[in-house]
Each structure stands twice: as C-alpha cells, then as structure tokens.
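Q: Here it is: the structure, laid out below.
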Amino acid sequence: MALKRFLMRPRFIIYAVVILGFVFLPRLLSTFNLILFEYGLTFAIVALGFNLLLGYTGLLSFGHGAYFAAGAYGVAMTAKYFPAHFSLEILIPAALLVSLIISAIFGFVCVRHTRIFFSILALALSMLLYALVFKFYHVTGGSDGLYVKIPSVFGYTFEGVRRPQFLMGFYYYFLLGVFFAALILMKGIVSSPFGKALQAIRDNEVRAELIGIRVRRYRLYAFIISGMYAGLGGALWSFVNGHVTPDVAHWVFSGEIVYMTLLGGFAVLAGPVVGALIFTFLKLYAMGSTEYWMLIIGATLIILVLVLPAGIAGGFAKLVAKISQHFATRAA
Amino acid sequence: MLKVTRLVKDFGKARIIYPTTFEVKRDEIVSLVGPNGAGKTTLVNLISGHVKVTGGKIEFLERDITYASPYHRIKMGIARNFQITNLFDNSTVLDNIRICLFSVYGKIKRGILPATHYKAITEEAAEVLDTFGIGDKKEVFPGNLSEGDKKVLDTAMAFALKSKFLLLDEPTSGVATGDKFKVMDTIISAIKKERMACLIIEHDMDIVSDYTDRVLVLAEGTIIADGKPKEIMEQSNVKEVLFGVKA
C-alpha cells in the first residue's frame, strides 16, 4: 500500500515523465539539438555545484570558470601526457582530483572573506589560472587549446565511430546517468545536517559560530564540493566539445555560470538545472538569429531581475505553491 | 565553576571593564544587574569569547579559557543567547534547534542522508521545543513568531547545546510585561531540570529577586555589590546606581 501511495504522488509522476523524456530524447531531437542539450546538461552540473555556494552558503563566486577549466584541462592534459590511459573511468576521477586540488588552494584563500571581497578574490584567482593556461603554450597549448579525442570505456574503444554518433549513443546515456547521480547527491547534501549547517552560515554567520559550527572550514568544504561539481561538468563538457581552450577559465564564462543560476533561480534545487538548459539554447539561437545576440541575453537578464527575481524555476515553484494554497483554502 | 579574576577590557583608550573578580558556582543562578553602559553585555561577550580579553583571567571548570576560541568554549560547555535575537531566519523553528543538536552530537559533518533521517535528534528537538512551550510552532519560520517566542527560541537554542553554563543576555527584553514571568518560568525550570549554572543579565528587579540565587551589581565597569537579592537591594550604593536614589 505504501508503495502505491508513493507512486500516486504527483511529484513522482512529474519525475517519471521527466526521466522518461530524457531517456527518449535522442529519438525526438535532431543531432544538432541533442548535442546542444548535452552542452546544457554539462553546464547544469556546473551550475548545480555553483548554487551550493551561492544559494545555500551565500557566497557569490565570479571565478567558477577556473574549476570548470581545471576539469576540462585535467582531461585534455591527460590525453596529451598519458595517451595510454585515455579512458573515461580514469579521466573522470583525474578531472575530479585536479579540480579538488585547484579549488582547495583557491578556496583556502577565498573563504577568508565574504560578500564582494570573496567575489573579487575568486574572480582574480580564476584570471590567474587563465593567464597561466594562456601563456604556457608548450604545456597547455596556449590559445590554440588542446584536442580531446573520443575516450575508450573499460577497454572498449570507439574506433571508427565519429563524434556525433558517439555523442548520440553511448555518451548521451553516460552523461544522463552522471547528471542524475550528481543531482541526487546534491539533493542529499543540501538536506543533510551538513547542508543545514551551510544554510545556517548563510543566514547568520555569528550565531552559527556560537552553536559550534566552524564557519570558515565549512565554507571551504562547500567551496571544494562546488569546485568539484564544476570540474566534473568541465570534464564531461570537454568530450562533447572535443576541444579545450583557455576561454573557459576567463571571467566571462564564470559570468555565464552566474547568469544560468540566476535565470533558473537559486532558491530551488532544480533552478540552476533549468537555467543552464534554457541558457544554452537561448544563447545559441540568439547567436544564430542576430549578431546583436548579447543584446538579447542582456535584455533577458534585466527582465528577469525586474519581473522574476526568483528565476524561472523559482517563479514556477511560487506559482504552484499559490495554486495549491488556493485549493486548500477552498476545500476548507 | 566559572571564575573570573581581575578581568579588564579596553576598547581603544576607553576602559570598559575595570579589574573585575567574581565566581559562579555549580547549579547557581546568578543575575547581573546595572545601569545602561555599565558593561554587562561586554562582560558576557568576554566570557563567551565573542570579544577578546585585555587583561586578567577567566577559568572554567579549573581550566584557563582566557584566550580560548569561542568554538572551544562552546565545546567545553559555555553557551549564550543574544539580547537582540539572533536566529536562522530561513530555517524553521524545528531546524533552528536541530542544527544545534547536530552540532552537539558531532553529526553536523554528515553530508549524504537528509536531516529527517536522524529521528532521535528530530524527536529531541521537538522535546526541547515542548519544554520551552513552543512545541506547536515547529514548522513556523522565526520571522512569523511573536517577539516573546523569538526570545524563547533564542534561549532554547543556547539550552539545546547541552552546556554546563548558560549566559543569558536579557532573555525577557522585548517580551510583553504580562508574559515576562511566564517566559522566565519556562526558562528557569528547564535550566534547573538540567542542573545548569546560569548568569542572567536582567533589568526587571522583580525577576531578579524571584528567580535568582545571587546578584552581581555592575556599575561603570566594576562590581560594586555581590550577595542575595533581598540584602543587595537594601544597600545604599546599589540603590543609588540602580534607582538613582541618594541615601
């Protein structure tokens, strides 16, 4: 009976429809749109991690491109220096390790400050990484970037398979699996005691300290988790893109991560995911239809801030709450 | 239990606390009274580690904690509330308490299972709220509580830390006059039940004499009287600083 009641919950039905939709997406979308959707999914993982810092810990980072780059270059440089080990099961942990190290070092410096000082420090450090990647031509490929070939998986090589085929087949489902795992893990983190501690720090730093939470240390933990999500997104992105350039460490890209999160709404868990997917399509179609695409992106941001400060998913959640409240009062 | 010896605090060139010595014993409920600007809150801040000491010594359970961090003092068992309520406004009343309990039991680092999974802690948080008479407001956000309930919640959070020594900075300020005694009744009975020692800053002389074992009178940064409430009230120098009556 309990199972039946669980299955009848509207929330569960929505989840089931979304998951089924995602699974059958390769049959519904054109190759072009599907690959675009995959870009969106990788950014969704990044934005999800970014929001642990912005929405749940109250720290606005303008340098998350750095950890994205750490993941992407982690993959690309493994390809360059250890070509024998170019398989997914090694590359993903390697990318996570690189982003862990970079975000631990940068985070250690950044969490000493809050508010605008934190944001600027995060931005400055990410630009430092950008300069390093850009200048060390012989190590990182400089502005040419590095090529990322199709990886093998547990000894199976996709020889003769072209990238679009790879992306439409195995890789799409792999990406989808990683995305859902990351989403469920994040859901766990934010509702766990640790997540509650982060929210306590966001709401009231002084009191958090005085109930025995080590504020700075917990901010660092959040920073590292957030950075690793960005690194994971970066690693997954590098296979979709096939090519890694220093641009991803630049603050403009970090700004896009902030934009995605605001677009979706940082007060709800799914907000950044919705934001990242919509942003990816919005940006590309805006770019395709006019050379003044930045105007469209900018105008969207202004409208968003004025009309929908809670973001798209946040606004939707509010609407649903309002409707259910309306029916509840009617019934009573 | 708590022993303060010749404690001094300067803010810049201004001396706020002159050499001050006093002691709080086990199970004792002591009130700290004095006119505005006497340094009562500063004294509490010094003991909780919120403000750094200039000179002197603070001992707790025979250990020197003069320079210990607030974190270590909490772990040793010194908790405090705040005069201006200091809550987690975007968490429910239940979560406000639950965070404290997670911290006490060292479970605050657990990062995978949802907070609701820890049933024993959730139940205990509900018990704490029942003890303080706000058990029916579990799912309310602190912003929607009355001023009195906010105060009670603030104190309940300090209480939930399972401390041995509680610093209460005006637990009834901002509470409607009619509710003051009700609030104090709940707080004091909870403290007595757990056999905690307590230092309360209070302005209301009726509360001081009804609820506390001993009174410390602080004026211009130093303690001028120390004794039972009834006796203290009769002293001429106390009357002068507290009520402005010249004997």
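If you read the protein sequences in the order shown, they are chains A and B. Using the numbering used here, the first residue of the first sequence is number 1, and each one after it goes up by one. Using the numbering used here, the first residue of the second sequence is number 1, and each one after it goes up by one. Note that the Cβ used here is the ideal one computed from N, Cα and C, for glycine as well.
#1: Is the segment 231 to 251 of chain A touching the segment 75 to 88 of chain A in the sense that three or more CB pairs, one from each, lie closer than 8 Å?
#2: Measure the alpha-carbon distance for V241/B versus I47/B and round it to whole angstroms.
#3: Do W251/A and G63/A have their beta-carbon atoms positioned less than 8 Å apart in this structure?
#4: Distance, Cα to Cα, S91/B vs V46/A?
#5: So is R110/B in contact with chain A if we call contact Cβ pairs under 8 Å?
#6: List the residues of chain A whose Cβ lies closer than 7 Å to the Cβ of S103/B, in chain order.
#7: Mind listing, in chain order, the continuous beta strand (DSSP E) runs of no fewer than 3 residues lying wholly within the segment 144 to 214 of chain B?
#8: My assumption, with CB atoms under 8 Å, is that G56/B sits in contact with P114/B. Please give the rounded CB distance.
#9: How would you list, in chain order, the residues of chain A whose beta-carbon sits under 7 Å from the beta-carbon of M157/B?
#10: Does L161/B get closer than 8 Å to chain A when you measure Cβ to Cβ?
#11: Just list the residues that DSSP pairs G227/B with in beta bridges.
#12: Per DSSP, what kind of secondary structure is D89/B in: helix, strand or coil?
#13: Taking 8 Å as the threshold (beta carbon to beta carbon), is I189/A in contact with chain B?
#14: Shortest alpha-carbon distance to L96/A belongs to which of F106/A, V75/A, F82/A, K80/A?
#15: Just checking my contact of M196/B with K164/B at CB under 8 Å: how many whole Å lie between their CB atoms?
#16: In the segment 51 to 96 of chain A, which residue ranges form an unbroken alpha helix (DSSP H) of at least 4 residues, counting only runs that do not cross its ends?
#17: Let me know the secondary structure DSSP gives D247/A once reduced to three states.
#18: Using only the alpha-carbon positions, how far apart do F43/A and A124/A sit?
#19: With distances taken Cα to Cα, identify the nearest neighbour of F82/B among N144/B, T172/B, E194/B, D64/B.
#20: Considering only DSSP beta bridges, list what Y259/A is partnered with.
#21: To which residues of the same chain is D10/B closer than 6 Å at the C-beta, ignoring the five residues directly before and after it?
#22: Give the range of the beta strand (DSSP E) segment to which D144/A is assigned.
#23: Can you tell me which of the three DSSP states K109/B falls into?
#24: Which residues mark the beginning and the end of the beta strand (DSSP E) in which R15/B is found?
#25: Nearest to I92/A by alpha carbon, out of F253/A, F68/A, R112/A, F281/A?
#26: Is the CB of S91/B under 8 Å away from at least one CB in chain A?
#27: From N36/B to K239/B, what does the alpha carbon distance come to, in whole angstroms?
#28: Looking at the secondary structure, which residues open and close the alpha helix (DSSP H) in which F352/A lies?
#29: Among V33/B, G111/B, E127/B, which one has its Cα closest to the Cα of L216/B?
#30: For a test of the three-state rule: what should DSSP assign to Y156/A, helix, strand or coil?
#31: From L284/A, A270/A, G311/A, I312/A, pick the residue whose C-alpha is nearest to that of F180/A; which is it?
#32: Taking a Cβ distance cut-off of 7 Å, strictly less, list which residues of the segment 4 to 34 of chain B are near chain A, in chain order.
#33: Is the separation between the beta-carbon of K107/B and that of Y118/B shorter than 8 Å?
#34: Judging by CA-CA distance, which residue of V17/A, Y130/A, V148/A, V109/A is the nearest neighbour of F82/A?
#35: Pull up the distance between the alpha-carbon of Y105/B and that of Y73/A, whole angstroms please.
A: In terms of the structure at hand:
#1: yes
#2: 24 Å
#3: yes
#4: 26 Å
#5: yes
#6: I211, G212, I213
#7: 165 to 169, 197 to 201
#8: Going by Cβ atoms, the distance from G56/B to P114/B rounds to 46 Å, so no, they are not a contact pair.
#9: I211
#10: yes
#11: V215/B
#12: coil
#13: yes
#14: V75/A
#15: 6 Å
#16: 65 to 81
#17: helix
#18: 22 Å
#19: T172/B
#20: According to DSSP, Y259/A bridges with nothing at all.
#21: T54
#22: Per DSSP, D144/A belongs to no beta strand (DSSP E) and is neither H nor E.
#23: coil
#24: 14 to 24
#25: F68/A
#26: yes
#27: 15 Å
#28: Because chain A is modelled from 1 through 332, residue 352/A falls outside the range shown and cannot be assessed.
#29: V33/B
#30: strand
#31: A270/A
#32: none
#33: yes
#34: V148/A
#35: 41 Å
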